[in-house]
Amino acid sequence: MQTVGIIAEYNPFHNGHYHQIQEIKRSLQPDAIVAVMSGSFLQRGEPALLDKWTRTKLALASGVDVVIELPFRFAVSAAHEFAYGGVQTLIHAGVDTISFGSENGDATSFERTAEQYVHHETLIQAATREQLQGGSSYPKAFNIAFAQYVTSDLAIEQPNNSLGFHYAVQNAKSKRPMRVHTVARKQAHYHDPALYDSIASATAIRRALFSNDIHNLHNVVPHATFETLADYEADRSSFGRWELFYPMLRFLLLRQQSTSFDRTFLMREGIENRFLQAANSYDTFEQFMRYVKTKRFTWTAIQRMLVHFLIHTPSDPSNAIHYARVLGFTEQGRAWIKEKNEHRSIPLITNPKQFDDPLLTLDCKATTLYTQVTNSLSHCRSIQVDYAMPPVRL
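Okay, here's the thing in structure tokens:
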């Protein structure tokens, strides 16, 4: 079976995602589409809007055949580690082609740029560190260093191109690289705050939801997504957002010994003092973040630190991928899961009971925290919902 892989968050699933899937089917005609999707927390260091099983169901209803969970350790990481986790999961699962959205829809430009980057990677990393020592944030430092060694017309600072570039790099560095395919962005930019006729960014959709403006979303998301969003909070579940987690974060920060922060993944020396001062002074997450934000650390980098603090992610988590956790599948996806695939090098599991791995343990901790705070999946009798929830089947 010929398969195409997507790395996504589906936060929430919208018409732009549907457009990508339809373009993949039109141009590549794959036997199955496999999405590696973030679980309970996201790359920007935020809780997911909807729980991972609800998002899985919406993806399957719109053309995805298999949804695999991106391990939490990679899902809440900088772009290059997010890309590494997603690409390696697809490769080890036996996927043939990776597809992602971009500004220009030109896969060759991504492959050429990635090859140049890999060739100069050591020099670019050294130049990035030099920029960081001068006080630049990581994204700014990396872009400056990148421009010194890579000649490309690919604007990697644009969000749609940035992740695609990192996917192409991680793919190029792999022992069994996948074919690369990209779909040109249609209308809305990645973080565009406006709602267009039929395509809107996930940022704009979340902003409308949090402003109680859901009636304006029916044109920018598939019907199944709109119905789910309309019913979600009525079903006693809360949309995931930092404000719900802030009371717990604040409590844990104030009882924490400052000397123990260095045992948390991504935590940077010195910022713990600002965390403690802000937790002691501010009642809202917005106020907290505005106090701790500095020129050196981006808003999203700080949020990622805080998520890993909540989950107690160790400072040096494993980056070895030994399994792929399947969250859901269609009948076509089931056929792909069952096929004998010579390129598949890891087991596909449907329940954490089937495998013992430190990354899987972190996934379960993250989901337990998420579901307890948001009251999602309240019908599940077990607090450890990962062990109780079966995969979604369509």
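Using the numbering used here, read the sequence shown as starting at 1341 and increasing by one per residue.
Here a beta-carbon is modelled for each residue, glycine too, at the ideal position from N, C-alpha and C.
These numbers come from a predicted model, not from an experiment.
Buried or exposed: residue i, going by 16 or more other Cβ atoms within 10 Å of its Cβ?
i: residue 1516; result: exposed
i: residue 1717; result: buried
i: residue 1555; result: exposed
i: residue 1761; result: The displayed coordinates of the chain run from 1341 to 1734. Any statement about residue 1761 would go beyond what the structure contains.
i: residue 1367; result: exposed
i: residue 1518; result: buried
i: residue 1735; result: Given that the chain is displayed from residue 1341 to residue 1734, the structure contains no residue 1735 and the question cannot be resolved.
i: residue 1587; result: exposed
i: residue 1613; result: exposed
i: residue 1433; result: buried
Excluding the 5 residues preceding and the 5 following residue i in the sequence, name in chain order all residues of the same chain whose CB lies nearer than 8 Å to its CB.
i: residue 1725; result: 1707, 1708, 1711, 1717
i: residue 1362; result: 1403
i: residue 1642; result: 1385, 1611, 1629, 1632, 1633
In chain order, what residues of the same chain have a beta carbon less than 7 Å from the beta carbon of residue i, not counting five sequence neighbours either side?
i: residue 1458; result: 1509, 1512, 1513
i: residue 1727; result: 1691, 1692, 1693
i: residue 1563; result: none
Grab me the residues of residue i's own chain with a C-beta within less than 6 Å of its C-beta, minus the 5 sequence neighbours each way, in chain order.
i: residue 1668; result: 1396, 1400, 1407, 1731, 1732
i: residue 1594; result: 1619
i: residue 1378; result: 1349, 1410, 1415
i: residue 1347; result: 1376, 1426
i: residue 1525; result: 1441, 1443, 1500
Under the assumption that residue i contacts residue j (Cβ atoms under 8 Å), give the Cβ distance between them as a whole number of angstroms.
i: residue 1504; j: residue 1435; result: With a Cβ gap of about 16 Å, residue 1504 and residue 1435 do not count as contacting.
i: residue 1572; j: residue 1579; result: 7 Å
i: residue 1412; j: residue 1426; result: No, residue 1412 and residue 1426 are not in contact; Cβ-Cβ is about 13 Å, not under 8 Å.
i: residue 1522; j: residue 1446; result: 7 Å
i: residue 1589; j: residue 1549; result: Wrong, their Cβ atoms sit about 22 Å apart, outside the cutoff.
Select from the options the residue whose C-alpha is nearest the C-alpha of residue i.
i: residue 1815; options: 1595, 1686, 1611; result: Absent from the model: residue 1815. The displayed extent of the chain is 1341 to 1734, so no value can be given.
i: residue 1584; options: 1440, 1376, 1714, 1723; result: 1714
i: residue 1700; options: 1677, 1680, 1681, 1651; result: 1651
i: residue 1677; options: 1615, 1365, 1374, 1635; result: 1374
i: residue 1648; options: 1705, 1561, 1659; result: 1705
i: residue 1437; options: 1428, 1636, 1444; result: 1428
Would residue i count as contacting chain D if we go by Cβ distances under 8 Å?
i: residue 1398; result: You won't find chain D in this structure, because it holds only one protein chain.
Inset, instruction - Pair every Cβ in the segment 1666-1674 with every Cβ in the segment 1395-1412, then say whether three or more of these pairs are closer than 8 Å. - result: Segments in contact, yes.
Legend entry - Three-pair Cβ contact test at 8 Å for the segment 1344-1362 versus the segment 1538-1554: yes
Inset, instruction - Decide yes or no for the touch test of the segment 1484-1495 against the segment 1459-1473: beta carbon pairs closer than 8 Å, at least 3 of them. - result: yes
Inset, instruction - Please confirm if the segment 1416-1423 is in contact with the segment 1364-1383, defined as three or more CB-CB distances below 8 Å between the two stretches. - result: The segment 1416-1423 makes contact with the segment 1364-1383, as at least three CB pairs between them are under 8 Å.
Inset, instruction - Say whether the segment 1621-1631 touches the segment 1673-1688, bearing in mind that this needs 3 or more beta-carbon pairs closer than 8 Å, one atom from each stretch. - result: Using a C-beta cut-off of 8 Å, the segment 1621-1631 makes no contact with the segment 1673-1688, since fewer than three inter-stretch Cβ pairs fall below that distance.
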